[in-house]
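Asks: Here our numbering is used: the first residue of the sequence shown is 41, the next is one more, and so on.
No residue lacks a Cβ here, since even glycine has one placed at the ideal position from N, Cα and C.
So that we are looking at the same thing, I have put the structure below in structure tokens.
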Amino acid sequence: VNDTLGHPIGDELLKQAAVRLRDIAGKDEFVSRLAGDEFAVIQRRIKQPRQAELLADRIIAGLSNPFEIDGHTIAIGASVGIALAPKDSRDGAELLKKSDLALYWAKNVGRGGFCFYKPRMDKHLNERRALGNDLRAAVQNGQFELYYQPLLNLSSRRICGMEALVRWHHPRRGMLQPSDFIPVAEESGLIVPIGEWVLRQACIEAANWPKPISVAVNLSAAQFKRGDLLAMTTAALKAAGLESGRLELEITESVLLNDEIWVRNVLCKLRDLGVRLAMDDFGTGYSSLSYLRSFPFSKIKIDRSFVSDITVTRDALAIVQATIQLSEKLGIGTTAEGIETAGQLHLLAAEGCTEAQGFHISRPVRAQEIPALISRYGCHVERPALRVAS
Ligand code: C2E
Ligand code: CA
Ligand code: CA
41 VNDTLGHPIG DELLKQAAVR LRDIAGKDEF VSRLAGDEFA VIQRRIKQPR QAELLADRII
101 AGLSNPFEID GHTIAIGASV GIALAPKDSR DGAELLKKSD LALYWAKNVG RGGFCFYKPR
161 MDKHLNERRA LGNDLRAAVQ NGQFELYYQP LLNLSSRRIC GMEALVRWHH PRRGMLQPSD
221 FIPVAEESGL IVPIGEWVLR QACIEAANWP KPISVAVNLS AAQFKRGDLL AMTTAALKAA
281 GLESGRLELE ITESVLLNDE IWVRNVLCKL RDLGVRLAMD DFGTGYSSLS YLRSFPFSKI
341 KIDRSFVSDI TVTRDALAIV QATIQLSEKL GIGTTAEGIE TAGQLHLLAA EGCTEAQGFH
401 ISRPVRAQEI PALISRYGCH VERPALRVAS
């Protein structure tokens, strides 16, 4: 709110939120503002945790009603972390720390909910901290490797691209998948150096592949916020000697969430450079459609959750059909991800989807296995459109 509507409105919002909070809590409870947008409520004389739960519910519901300030309708929400005395501690500072941990948990589970403190949260947080420390060393010690998963063009059934998917060879835990460490990397900001390594490495490896095959790299929102993506991309292409038209960047809605002008500027500059942009996990977010209008995408990747149900439920099929028609009208391509059966592949090809990716075609493989994949499927070569003289 501060960034988009200015500090005076942000201040007014805090005041109104505080008033609501005080009304909800009632006159017997103690309400205070800790910092920024964090408030604390001390609920006294309760007999059961259930009473804290009910209060948390009322707070979340109350703060989720939009605020009207200066002609602006502002929707915020709230998450709540709860610690109980004397069960969790008798010490004030300790109780605050534990409710904070529970709050962190509540936010991670999905905003707009509440969580009670549980001892395993300490353990989990410690593990995350340890992983974060290891991650710092991993960047320096070159413990990452890129796997590649091919994308088939559905008209030629040949390979048109490869998606780079990062793996971490952890010295003690063995090979870790992105879901094990990307969230930690995003939270700590280490995603910026890791993402830079991924981009550089992917460009270097792609420069060895037959010309028409492109490489796709996944980006995190933090790379937009904290890194100079444009300079990084230009440098990676140059160092590898890769044509910009062979690089595709995959972006999820989390990057676009605030529809900020500068994000759009960066994306437009990347497109002007010749880099293609794909919208990843399409259909899973809140406003994918409006993003298609305001950002320069050249491709939609239909999320795996729709593809896996396409031969089972009519609604999944309907959504996939509509997405394909939409992208045809917009003049952009579609990739269906997560294809696991021949049935799914046939159906998607029949529906006019342009590219396919999934375990049915190939699992992600190491770089040295790419030549074998290419000789198995061949390379897709773009044919110039046929013109008929009239
Ligand atoms: P994504 O971009 O949606 O990537 C596709 C994920 O689906 C990959 O998981 C891939 O192995 C998996 N997959 C592909 N085909 C199938 C299939 O037929 N069935 C099933 N069940 N799964 C399939 P992976 O490699 O574990 O990556 C997970 C996510 O981590 C990626 O999702 C992407 O969002 C993120 N990620 C991977 N590499 C990077 C990276 O270098 N940078 C960033 N920022 N994120 C990355
Ligand atoms: Ca992707
Ligand atoms: Ca995806």
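1) Starting from G153, follow its DSSP beta bridges and name the residues at the other end.
2) Please indicate yes or no: does the CB of K339 lie closer than 7 Å to some heavy atom of ligand 3?
3) Can you look up E52 in the DSSP assignment and give me helix, strand or coil?
4) Among the residues of its own chain, which have a CB less than 7 Å from the CB of A225, if the five just before and after it don't count?
5) I need the DSSP call for C243, collapsed to helix, strand or coil.
6) May I ask whether a heavy atom of ligand 2 can be found less than 7 Å away from the beta carbon of N166?
7) With respect to 7 Å, is the separation between the Cβ of D110 and the closest non-hydrogen atom of ligand 2 below this value?
8) For C393 and I364, which I take to be in contact (beta-carbon distance under 8 Å), what is that distance rounded to the nearest angstrom?
9) Rank T381, R266, R212 and S338 by C-alpha distance to the C-alpha of L310 and give the top, closest one.
10) Between which residues of its own chain and G172 is the CB-CB distance below 7 Å, once the five residues before and five after are set aside?
11) Tell me whether D349 counts as near ligand 3, meaning its Cβ is closer than 7 Å to at least one heavy atom of that ligand.
12) DSSP three-state label for R197, please.
13) Say yes only if the C-beta of E290 is nearer than 7 Å to one or more non-hydrogen atoms of ligand 2, and no if none qualify.
14) Could you compute how far the alpha carbon of I222 sits from the alpha carbon of G325?
15) Determine which residues share a DSSP beta bridge with Y187 and list them.
16) So, with DSSP's three-state summary, where would you put F322?
17) When DSSP labels each residue in this structure, what does H47 get in the three-state scheme?
18) At the level of alpha carbons, what is the spacing between A115 and G378?
19) Counting only the same chain and skipping the five closest in sequence on each side, list residues whose C-beta sits under 6 Å from that of S254.
20) For F399, is the classification buried or exposed, using 16 other Cβ atoms within 10 angstroms of its Cβ as the cut-off for buried?
21) Hey, out of N248, N258, D312 and A262, whose CA is closest to G281's CA?
Replies: The answer reads as follows:
1) In the DSSP output, where bridge partners are listed per residue, G153 has none listed.
2) no
3) helix
4) L175, I231 and I234
5) helix
6) no
7) no
8) 6 Å
9) S338
10) V224 and S228
11) no
12) coil
13) yes
14) 19 Å
15) L205 and R406
16) strand
17) helix
18) 35 Å
19) G201, R286 and E288
20) exposed
21) N248
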